[in-house]
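For reference, the structure discussed in these notes is given below.
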Amino acid sequence: MSVTVVTCYYKINSKHSHDNYDRWMTNFLSNVSCNLVIFTSPDLVEYIAEKRMRFIDKTIIKTIELEDLPIYKLYKDLWAVQYQMDNQKDTGRTSDCYVIWNSKIFFLSEVMELNPFFSDKFIWADIGSLRMQSYDTSLMNQIINNYPIYEKISKTKIDIVLLEPIENAEQKIFIGERHFSGALFGGHKDVIMLLYELFYKKLYDHIQAGIFIGCDQQTISSIYNENRELFNCISCNNHSNDDYNWFYLWEHYSQL
Numbered sequence: 373m374s375v376t377v378v379t380c381y382y383k384i385n386s387k388h389s390h391d392n393y394d395r396w397m398t399n400f401l402s403n404v405s406c407n408l409v410i411f412t413s414p415d416l417v418e419y420i421a422e423k424r425m426r427f428i429d430k431t432i433i434k435t436i437e438l439e440d441l442p443i444y445k446l447y448k449d450l451w452a453v454q455y456q457m458d459n460q461k462d463t464g465r466t467s468d469c470y471v472i473w474n475s476k477i478f479f480l481s482e483v484m485e486l487n488p489f490f491s492d493k494f495i496w497a498d499i500g501s502l503r504m505q506s507y508d509t510s511l512m513n514q515i516i517n518n519y520p521i522y523e524k525i526s527k528t529k530i531d532i533v534l535l536e537p538i539e540n541a542e543q544k545i546f547i548g549e550r551h552f553s554g555a556l557f558g559g560h561k562d563v564i565m566l567l568y569e570l571f572y573k574k575l576y577d578h579i580q581a582g583i584f585i586g587c588d589q590q591t592i593s594s595i596y597n598e599n600r601e602l603f604n605c606i607s608c609n610n611h612s613n614d615d616y617n618w619f620y621l622w623e624h625y626s627q628l
């Protein structure tokens, strides 16, 4: 079987400039020859296809407007309220960011249903997560040549980077806490579908309770504490570069 990587890009206001995203996207799209499905808005298809030209035979670009995403439409009246609740909005993140972050597992489920590359394992990778300045030349070559190695992806668990351990196994809510990196995660299609069910159920429960749900990583922390056996937590605690730690799954999935 094979691996399919899923990502998305919408040109919205966020924590980082469009120039930075353009550079990081080029790192990923123009260098990594994986099976790739990219969700985007119709006006960005040509822009993305040009960056992916070398590997266009391994690439599918799916178009959907951000306002047509199910999570946007389902909670259309919620996002402005959520933005007012966000105690980190001064970082530059917006309600559009919340929609995208909370759609990652939806995007994965859509690709798993279509399964254009006949894969049984899938990875989510943020389109701006391959930041070459974080890697030396040999590591970057390793990623370009190997990513993703099929055998490195767990079959019965979700692979995800654990940034800071959760000490309290009874904790339910994680507003403003940093434990998991939602930038990259992967696993077998069956375990991802289980995560899909758990994630959107937990999201609904948190909304009903009036809890901030903009950041998917905090919802994942809540799910983890109730289903620790579902996760393969991967840590990289010996590196001073924060980007390197957040995006360590690039290296993990490329190590022979």
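The numbering of the sequence shown is the numbering used here, which starts it at 373 and goes up by one. Here a beta-carbon is modelled for each residue, glycine too, at the ideal position from N, C-alpha and C.
In the three-state reduction of the DSSP assignment, Ala452 falls in the helix class, which pools H, G and I. The distance from the Cβ of Gly548 to that of Asn459 is about 6 Å, consistent with a contact at the 8 Å cut-off. Of the residues assessed, Gly582 falls on the exposed side of the cut-off, its CB having fewer than 16 other CB atoms within 10 angstroms. Excluding residues up to 5 positions away in sequence, Thr376, Val378, Val409, Phe494 lie with their Cβ nearer than 7 Å to the Cβ of Val483 in the same chain. Taking all protein chains in view, the Cβ of Ala555 is crowded by 16 or more other Cβ atoms within 10 Å, so the residue is classified as buried.
Asn617: member of the alpha helix (DSSP H) spanning 614–618, first to last residue. DSSP places Thr463 within a helical segment (H, G or I) once states are collapsed to three. Note: Ser593 is not bridge-paired with any residue in the DSSP secondary-structure output.
Under the three-state reduction of DSSP output, Ile538 falls in the coil class, being neither helix nor strand. Counting along the chain, Asn407 sits inside the beta strand (DSSP E) bounded by residues 407–412. Under the DSSP assignment, Thr398 falls in the alpha helix (DSSP H) whose first and last residues are 390–401. About 6 Å separates the beta carbon of Arg465 from that of Ser386, a gap short enough to meet the 8 Å contact definition. When C-alpha distances from Gln590 are compared across Lys561, Ile428, Trp473, the shortest belongs to Trp473. Note on Met397: 16 or more other CB atoms within 10 angstroms of its CB, so buried under the neighbour-count rule. Classified as buried, Lys574 has 16 or more neighbouring CB atoms from the shown chains inside 10 Å of its CB. Taking a 10 Å sphere around the C-beta of Lys561, we find 16 or more other C-beta atoms and assign the residue as buried.
Residue burial is scored here from C-beta neighbours: Ile521 has fewer than 16 other C-beta atoms within 10 angstroms and is therefore classed as exposed. Just measuring C-alpha positions, the residue of Ser405, Asp415, Tyr444 sitting nearest Thr431 is Ser405.
Each residue's CA atom was taken as its position, placing Glu598 and Pro488 some 33 Å apart.
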